[in-house]
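Convert by adding 46 to the 1-based position in the sequence shown; the result is the number in my numbering.
Structure first, then comments.
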Amino acid sequence: MSDLKPILLVEDNPRDLELTLAALEKCQLANDVIVARDGEEALALLTRRDPETGKPTMLPAVVLLDLKLPKVDGLEVLERVKGDPETRHVPVVMLTASREESDLVRSYKAGVNAFVVKPVDFKAFFEAIRDLGAFWAILNEPPVGCHRRGASGAAGKGG
Numbered sequence: 047m048s049d050l051k052p053i054l055l056v057e058d059n060p061r062d063l064e065l066t067l068a069a070l071e072k073c074q075l076a077n078d079v080i081v082a083r084d085g086e087e088a089l090a091l092l093t094r095r096d097p098e099t100g101k102p103t104m105l106p107a108v109v110l111l112d113l114k115l116p117k118v119d120g121l122e123v124l125e126r127v128k129g130d131p132e133t134r135h136v137p138v139v140m141l142t143a144s145r146e147e148s149d150l151v152r153s154y155k156a157g158v159n160a161f162v163v164k165p166v167d168f169k170a171f172f173e174a175i176r177d178l179g180a181f182w183a184i185l186n187e188p189p190v191g192c193h194r195r196g197a198s199g200a201a202g203k204g205g
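Next up, the structure:
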């Protein structure tokens, strides 16, 4: 298993999930991709703590988060991540089909790092995901003390 931080992909739509995974694979990123299929599963991964240290067991390089999710919506996941001192530095990209101005405003008020509307066109969608993966996993510089490398406590690709 790689010592790079994983990418957490939170997506409930099987087609979008498949396309996103294919685009990320095409980037040839060394980061594992962990999949959560709803907001509840994402929060379980992001809030799991080491019993000895109380620190999160997984701090991903980036969370690619769908807005409209079952169980717990993406906005609530975002608010919980950004409201926790241990996870607030984790970049969160809202990746959504929503073009609602209110979703955009609420996401930025809650601390989202980027808001990306999923393109309808297959090629454009693929390229958008590839570029997002490369930017957040390779080019983005995390804050001091939030190293790119480190134990993730997560198990491999998939979910």
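Ideal Cβ positions, reconstructed from N, Cα and C, are used throughout, including at glycine.
Being a predicted model, the structure only gives us computed values, none of them experimental.
First and last residue of the uninterrupted beta strand (DSSP E) at T133: By 1-based counting over the sequence shown, the position of residue 133 is 87. First-last for T133: undefined, no H or E at that position.
Close-in-space but distant-in-sequence residues of the same chain around K72 (CB under 8 Å, 5 per side omitted): By one-based count along the sequence shown, residue 72 stands at place 26. Within the same chain, K72 has close Cβ partners F172 and R176.
Heavy atom of the ligand MG within 7 Å of Y154 beta-carbon: The model depicted lacks the ligand MG and carries no ligand whatsoever.
Beta bridge counterpart(s) of R95 as assigned by DSSP: Counting from 1 along the sequence shown, the entry for residue 95 is found at position 49. Looking at the DSSP assignment, R95 forms a beta bridge with P102.
Counterpart residues of A82 in DSSP-defined beta bridges: Along the sequence shown, read from residue 1 onward, the residue named residue 82 stands at position 36. DSSP lists V56 as partners of A82.
D112 and L141 closer than 8 Å at C-beta: The residue labelled residue 112 in the question sits at position 66 within the sequence shown. The residue labelled residue 141 in the question sits at position 95 within the sequence shown. It is a contact, given that the beta carbons lie within the stated cut-off.
Cβ neighbour criterion (16 or more within 10 Å) applied to V109: Translated into the one-based positions of the sequence shown, residue 109 becomes position 63. Classification of V109: buried, given that the 10 Å Cβ count is 16 or more.
D84 versus T66 - alpha carbon distance: In the sequence shown, counting from the first residue as 1, residue 84 sits at position 38. In the sequence shown, counting from the first residue as 1, residue 66 sits at position 20. Cα to Cα, D84 sits roughly 16 Å from T66.
8 Å contact criterion, which V81 and L63 should meet: CB distance rounded: For the purposes of this step, residue 81 is taken as the residue at position 35 of the sequence shown. For the purposes of this step, residue 63 is taken as the residue at position 17 of the sequence shown. That pair is a contact at about 7 Å.
Short Cβ contact (8 Å threshold) for L150 with F168: Counting from 1 along the sequence shown, the entry for residue 150 is found at position 104. Counting from 1 along the sequence shown, the entry for residue 168 is found at position 122. No, these two residues do not count as a Cβ contact at 8 Å.
Limits of the unbroken alpha helix (DSSP H) element including A160: Position 114 of the sequence shown holds residue 160. It is not in any alpha helix (DSSP H) - A160 instead sits in the beta strand (DSSP E) that spans A160 to V163.
Simplified DSSP state of V109, which is helix, strand or coil: For the purposes of this step, residue 109 is identified with residue 63 of the sequence shown, where counting begins at 1. If DSSP states are grouped into helix, strand and coil, V109 belongs with the strands.
Coarse secondary structure for L89, derived from DSSP in three states: Start at 1 with the first residue of the sequence shown, and residue 89 comes out as number 43. Reduced to three states, the DSSP call for L89 is helix.
Length of the line joining the Cα atoms of P52 and Q74: The residue labelled residue 52 in the question sits at position 6 within the sequence shown. The residue labelled residue 74 in the question sits at position 28 within the sequence shown. C-alpha separation (whole angstroms): 13 Å.
For E87 and D26, the rounded distance between their alpha carbons: Since the first residue of the chain shown is 47 and the last is 205, residue 26 is not available in this structure.
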